[in-house]
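Working notes, beginning with the structure itself.
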Amino acid sequence: MSISQTPLNDKKNSFAETVKQTAQRLIAPHPSVQGLDYVRRVQLLNVITLTLITAFSLGLLARPQSVFIFEYMLAVSILSYTLGKTRYPRIGTFIFSFGFLSTSFLSLFLGIAPNFSTIIYTIVPIALIVASALSGLRTFALLVIYATIAASLAPIYSKTPASTSDITQTGGIIFFTGAILYGILVFRTNLENSRLAEIRTTNQELQEIKTSLEKRVEERTHELIAASQQIQSRAMRLQIISEVSQEVSANLDQKPKELLTLITNSISEKLGYYHVGIFLLDENREYAVLRAANSQGGQKMLERRHQLKVGGAGIVGYVSQSGRPRIVLDTGSDAVFFNNPNLPKTRSEIALPLKYGKTVIGVLDVQSTLSSAFKDEDANLLSTLANQIAIVINNVLSNQRSEFALPTQKSNKVYDRLNQKQNQSGYSYLPDGTISIAQTQNNATLEKALASGETSILSRPSKGNPATLAVPVKFRDQTIGVIHIQAADDKRRWTEDEVMMVQSISDRAALALENARLFEETVRRADQEESIARVTSQISASTDFKRILQTTVQELGQALGTSRSFIQLGTPLENENNDEIN
1 MSISQTPLND
11 KKNSFAETVK
21 QTAQRLIAPH
31 PSVQGLDYVR
41 RVQLLNVITL
51 TLITAFSLGL
61 LARPQSVFIF
71 EYMLAVSILS
81 YTLGKTRYPR
91 IGTFIFSFGF
101 LSTSFLSLFL
111 GIAPNFSTII
121 YTIVPIALIV
131 ASALSGLRTF
141 ALLVIYATIA
151 ASLAPIYSKT
161 PASTSDITQT
171 GGIIFFTGAI
181 LYGILVFRTN
191 LENSRLAEIR
201 TTNQELQEIK
211 TSLEKRVEER
221 THELIAASQQ
231 IQSRAMRLQI
241 ISEVSQEVSA
251 NLDQKPKELL
261 TLITNSISEK
271 LGYYHVGIFL
281 LDENREYAVL
291 RAANSQGGQK
301 MLERRHQLKV
311 GGAGIVGYVS
321 QSGRPRIVLD
331 TGSDAVFFNN
341 PNLPKTRSEI
351 ALPLKYGKTV
361 IGVLDVQSTL
371 SSAFKDEDAN
381 LLSTLANQIA
391 IVINNVLSNQ
401 RSEFALPTQK
411 SNKVYDRLNQ
421 KQNQSGYSYL
431 PDGTISIAQT
441 QNNATLEKAL
451 ASGETSILSR
461 PSKGNPATLA
471 VPVKFRDQTI
481 GVIHIQAADD
491 KRRWTEDEVM
501 MVQSISDRAA
511 LALENARLFE
521 ETVRRADQEE
531 SIARVTSQIS
541 ASTDFKRILQ
551 TTVQELGQAL
561 GTSRSFIQLG
571 TPLENENNDE
581 IN
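Residue numbers (the working numbering): 1 to 582.
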């Protein structure tokens with residue numbers, strides 16, 4: 001049943017929609033008509049005139065006695081409706097209001113009214129009410145004055161008899177009725193204006209809020225874009241710094257001069273700087289001597305053994321004494337620093353101290369052809385790189401001075417021996433701030449990083465298996481340990497910045513461990529040389545053959561901590577002549 005009724009319902013809905021759209025088109029004002037109140041008045045005019053056109057057309061078909069009045073009102077309605085659909089609806093409103101109001105006075109003039117009071121009280125009040133709804137204040141006031149005067153002058157033109165008292169009374173009623181309607185119209189107009197003012201104020205406030213929100217959204221969007229770009233730039237720079245550190249670590253077996261040159265070239269190529277130079281302080285810490293540079297101007301400075309006074313004029317002299325980074329730009333008073341004829345393209349410069357512990361051992365000087373190329377963030381990132389370079393340089397200088405550095409394979413054995421000696425594999429930091437000795441753990445992530453030498457991340461943590469990060473501690477491509485981090489939150493995800501930060505710390509830890517190993521090995525060798533010198537001096541102090549042999553075994557036993565030592569002279573064929581001294 002519902003299926004059979006559907007087409008009928010659709011036809012009804014379609015017909016109703018057609019009728020509705022047709023009615024809207026018939027009463028719609030001209031597109032030039034603007035303003036909600038004005039549009040509604042014009043629509044009301046069109047509705048009334050259309051209704052009267054229909055009514056008077058049907059009335060004429062009935063052939064009434066007052067044919068002229070029907071024809072007159074039909075003509076007024078048609079003219080008013082026509083003007084209501086044009087750009088001039090106000091004229092149509094005035095013609096309709098004036099024509100409708102004039103019907104009563106025209107009837108009196110033609111003598112077709114039944115009596116004076118009936119025609120006046122039947123038409124004039126209705127005409128004034130309609131006029132108050134359609135007209136403005138001034139137009140309505142004119143119509144009230146017109147109706148009052150026309151009613152008062154009725155004896156002059158009216159062919160319908162009327163008493164003086166009726167005329168006076170009717171004129172007064174018309175005037176006061178018009179005054180009341182005028183007051184209502186004023187009140188309605190003021191109320192409408194007040195509402196419109198509130199609407200405009202509200203709209204203005206909404207517009208201001210919208211504009212403010214759009215501005216805030218735009219600012220927030222720019223901030224997010226800038227933050228994203230800053231994070232990407234920082235991540236890229238951290239990655240580059242990590243690559244530079246790895247490249248330097250992989251070439252520690254080179255000569256000091258070659259290694260320093262490699263550092264300057266790597267920084268310049270990967271970070272795109274015009275000039276990179278490394279200054280090292282001399283033994284007396286009086287001058288910062290240029291030891292390596294990548295630019296052509298820097299090479300010329302190296303040839304003439306360029307050096308700057310510690311604490312003297314210039315950015316390098318300032319940093320070498322203060323131990324604090326310094327940025328200078330090609331503006332204002334800083335422009336005096338850019339007077340080096342070997343580096344004419346420099347527009348901004350940053351110098352960072354190379355510090356081992358709290359001691360300044362040199363300065364990393366970086367120069368750019370761009371104005372304002374360096375910011376505080378660049379200083380922080382480059383300081384990280386400068387600290388790593390300082391550790392490398394200190395290791396190289398220590399290695400060069402002592403000549404006791406071990407090969408990579410032997411250094412790994414030293415680390416193993418130290419771990420076995422201490423019976424521990426490292427230290428653990430807990431959330432409560434305590435640090436404890438960490439014993440060997442059976443952890444897949446840790447073992448994977450230790451075996452492969454690559455960073456290992458538990459990408460799918462679960463309850464009981466929190467997110468972990470294992471970064472190998474590598475020196476000269478040899479894994480000597482692992483930094484193992486376990487998150488407190490099971491849902492933690494390690495970001496790229498966090499991984500890069502731990503890798504950077506791992507590189508610095510490897511260099512620091514190697515430096516500590518070199519120091520320990522140097523001390524051990526020094527103790528060994530001291531023991532040898534002491535034993536040798538004791539042996540050389542005597543000229544007695546037997547005393548020399550006794551002193552030798554005695555000193556060796558004390559130095560090595562043995563339970564028994566002896567010395568035997570002679571050859572296997574002369575065993576019977578051997579002297580054994582215990």
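Cβ coordinates follow ideal geometry from the N, Cα and C atoms, glycine included.
CB contact flag (residue i, residue j, <7 Å)
i	j	result
A470	H484	yes
A288	G277	no
L352	S383	yes
A150	F105	yes
I241	L385	yes
V89	V39	Val is not the amino acid found at residue 89; the sequence shown has Pro there. Not in contact: P89 and V39 (Cβ atoms no closer than 7 Å).
I567	T552	yes
V590	K270	Any question about residue 590 goes unanswered here, given that the chain covers just 1 to 582.
A227	D497	no
L343	A390	no
V535	S506	no
L60	F70	yes
A154	I145	no
E192	D37	yes
L308	M301	no
G111	T148	no
H30	T86	yes
V396	P256	yes
Y607	F187	Nothing in the structure corresponds to residue 607, since the chain is present only between 1 and 582.
S135	S102	no
S348	S368	yes
A516	F475	no
V248	I263	yes
I327	F374	yes
Residue i - partner residues in DSSP beta bridges
i	result
H30	In the DSSP output, where bridge partners are listed per residue, H30 has none listed.
Q478	F475
Q486	T468
E125	Note that residue 125 is Pro in the sequence shown, not Glu. P125 is not bridged to any residue.
L458	Answer is none; L458 lacks a bridge partner.
L134	The partner list for L134 (beta bridge, DSSP) is empty, contrary to what the question assumes.
P353	V363
G557	G557 pairs with nothing; no bridge assigned.
Residue i - containing alpha helix (DSSP H), residue span
i	result
G172	164 to 249
R41	36 to 61
L259	256 to 271
S152	137 to 152
Residue range of the beta strand (DSSP E) that includes residue i
i	result
D365	359 to 368
Closer than 6 Å: residue i CB and nearest the ligand ADP heavy atom
i	result
G92	Although the ligand ADP was asked about, the structure shown includes no ligands whatsoever.
Legend entry - Every unbroken beta strand (DSSP E) within the region 275 to 351, with a cutoff of 3 residues, ordered by chain: 275 to 281, 287 to 293, 307 to 309, 326 to 329
Legend entry - Sufficient close CB pairs (3 or more, under 8 Å) joining the region 158 to 175 to the region 70 to 78: no
Inset, instruction - Within the region 80 to 119, note down every full beta strand (DSSP E) run reaching 3 residues or more, in order along the chain. - result: Segments of the beta strand (DSSP E) lying fully in the region 80 to 119: there are none.
Inset, instruction - Could you say if the region 180 to 189 and the region 128 to 136 meet the contact criterion of at least three C-beta pairs nearer than 8 Å? - result: In this structure the region 180 to 189 touches the region 128 to 136; the number of beta carbon pairs closer than 8 Å is three or more.
Inset, instruction - Flag this pair as touching only if the region 209 to 225 and the region 354 to 370 have three or more C-beta atom pairs under 8 Å; answer yes or no. - result: no
Inset, instruction - Determine contact between the region 86 to 94 and the region 132 to 150, defined as no fewer than three beta-carbon pairs at a distance below 8 Å. - result: Touching, yes.
Inset, instruction - Write down every uninterrupted run of the alpha helix (DSSP H) in the region 493 to 524 whose length is 4 residues or greater and which is fully enclosed by it, in chain order. - result: none
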